[in-house]
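Notes follow the structure.
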Amino acid sequence: KIEKAKPIKCGTFGATSLQQRYLATGDFGGNLNIWNLEVPEIPVYSVKGHKEIINSIDGVGGLGIGEGAPEIVTGSRDGELRRSEIYRVKRVSVFCLILSLCPGNAYNQEERVVCAGYDNGDIKLFDLKTMSLRWETNIKNGVCSLEFDRKDVNMNKLVATSLEGKFHVFDMRTQHPTKGFASVSEKAQKSTIWQVRHLPQNRDIFMTSGGAGSLHLWKYEYPAQRSKKDSEGAEMGVAGSVSLLQNVTLSTQPISSLDWSPDKKGLCVCGAFDQTVRVLIVTKLNKV
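Sequential numbering of the sequence shown, starting at 1, is according to UniProt numbering.
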């Protein structure tokens, strides 16, 4: 048991190797800390990243996933999105309250993006190579969770979950000059969808966790053609479809966190507001 002065809101191992296993955390004071869990008294690295609570944190480049330097991205209530190339912090942009974010497109040494979700429903895709806004859209409700199906490939799919029980799947392979990326949306339930996580062994399968204490397992089906030309000859994406494979209710309280095992297919863990951690196994995934 390790106690710190400031409550910790979020954390990730995404920017460190399996051997190093440093934990990066964001706290209620806006501090980004990196901890060696073998010697947890003092952080390996600490910086005042934000003026207010850090709502979301993610990392890339540390687990052998993707190319390029290990990086951490943080989003805060103060509206700032910050990118940290370990031990160097850069402010990317300032907007309204950031609820969720995820890095991706790390398929070579130069390319990398970060996608941020905001409380007003905005989703913004930032190109970290050019330090510019690449694309933006609005899904009308606060964005609770974002995840690319894989961080280490050319952008393929992005799932965004929101308040009011709806999620959106964007096909990120083809960007139209004016219409952006094609997408399909699904009303999964009436309550907030807190989290989305793709199955590491099959990126077309993902699970969402809900405010009613339920988990839903989904599969994305690609269309016959992923792109087509519009009336002016510009390439535009074609969205696929989403089907529900299974669902279960585990708690009367919201399930706010969820993750899959990278080693054991179907093994996952979730945490809920009832202060219970549940370890689950999903079977027959090789048959879908």
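Note that CB positions come from ideal geometry on N, CA and C, so glycine has one too. Model, not experiment: these values are computed from the prediction.
Residue from the options with nearest C-alpha to residue i
| i | options | result |
| --- | --- | --- |
| K4 | T25, F126, K140, A69 | T25 |
| V39 | N55, Q20, E52, S56 | Q20 |
| A160 | D259, V169, V153, K140 | V169 |
| A116 | S261, N55, T276 | N55 |
| R150 | P262, P223, H176 | P262 |
| K129 | T137, G121, N108, K229 | N108 |
| N33 | N138, V143, G11 | G11 |
| A182 | I139, V47, P70, V44 | I139 |
| V196 | G165, P223, D127 | G165 |
| A224 | H216, G240, L215 | G240 |
| L158 | A188, D127, R203 | R203 |
| L245 | L37, A188, E110 | A188 |
C-alpha distance - residue i paired with residue j, whole-angstrom precision
| i | j | result |
| --- | --- | --- |
| T174 | M236 | 6 Å |
| K179 | K264 | 39 Å |
| K6 | G49 | 14 Å |
| G271 | K190 | 20 Å |
| I123 | K284 | 34 Å |
| G104 | V269 | 23 Å |
| G266 | S231 | 44 Å |
| S251 | M155 | 34 Å |
| R77 | K287 | 42 Å |
| R134 | P177 | 11 Å |
| Y22 | W260 | 19 Å |
| D171 | E147 | 12 Å |
| L279 | G75 | As written in the sequence, residue 279 is Val, which differs from the Leu given in the question. Those two C-alpha atoms are separated by around 28 Å. |
| K1 | D274 | 20 Å |
| G30 | N120 | 21 Å |
| S46 | L125 | 27 Å |
| M131 | G233 | 29 Å |
| L37 | T16 | 12 Å |
| N247 | E41 | 41 Å |
| E110 | L99 | 27 Å |
| L215 | K51 | 34 Å |
Closer than 7 Å: residue i CB and nearest the ligand COA heavy atom
| i | result |
| --- | --- |
| W35 | Among the components modelled here there is no ligand, and therefore nothing to report on the ligand COA. |
Close Cβ partners of residue i (< 8 Å) along its chain, the five nearest in sequence each way excluded
| i | result |
| --- | --- |
| residue 289 | Since the first residue of the chain shown is 1 and the last is 288, residue 289 is not available in this structure. |
| V242 | V169, V184, E186, W218, K219, Y220, E221 |
| T276 | S251 |
| Q201 | K265, L285 |
| C96 | Low local confidence applies: a pLDDT of 44 at C96 is under 50, so the model's placement there is unreliable, with the coordinate-based value given in what follows. G79, Y118, D119, N120, D122. |
| K229 | E235, M236 |
| F167 | V159, A160, T161, S185, E186, A188, I193, V196, T208 |
Cβ shell of residue i (< 7 Å), same chain only, five flanking positions each side left out
| i | result |
| --- | --- |
| F28 | K6, P7, K9, I53 |
| G213 | T249, L250, S251, T252, Q253, P254, I255, A272 |
| L163 | N141, G142, C144, T192 |
| T137 | I123, G180 |
| D127 | V113, R134 |
Same chain, Cβ closer than 6 Å to residue i, five either side skipped, listed in chain order
| i | result |
| --- | --- |
| V73 | D58, R83, L101, P103, V114 |
| L18 | none |
| W35 | L23, P43 |
| I281 | G266, L267 |
| I205 | L199, K219 |
Interface flag, residue i vs chain D, CB-CB below 8 Å
| i | result |
| --- | --- |
| R134 | Among the chains of the structure shown, chain D does not appear; only one protein chain is present. |
Any contact between the stretch 196–210 and the stretch 251–267? By contact I mean 3 or more CB pairs, one from each, below 8 Å. Touching, per the Cβ criterion.
For the stretch 6–52, which segments carrying the alpha helix (DSSP H) assignment without a break, of at least 4 residues, lie completely within its bounds, in sequence order? Runs of the alpha helix (DSSP H) inside the stretch 6–52: none found.
List in chain order: all unbroken beta strand (DSSP E) runs of 3+ residues lying wholly within the stretch 205–266. Listed in chain order, the beta strand (DSSP E) elements of length 3 or more contained wholly in the stretch 205–266 are 214–221, 227–229, 235–237, 241–249, 255–260.
Mind pulling the beta strand (DSSP E) runs of 3 or more residues that sit fully within the stretch 133–211? Whole beta strand (DSSP E) segments, 3+ residues: 143–148, 157–162, 166–176, 180–187, 193–199, 202–210.
Tell me the start and end of each unbroken beta strand (DSSP E) in the stretch 105–131 that is at least 3 residues and wholly inside, in chain order. Taking only runs of at least 3 residues, the beta strand (DSSP E) segments lying wholly in the stretch 105–131 are 113–118, 122–127.
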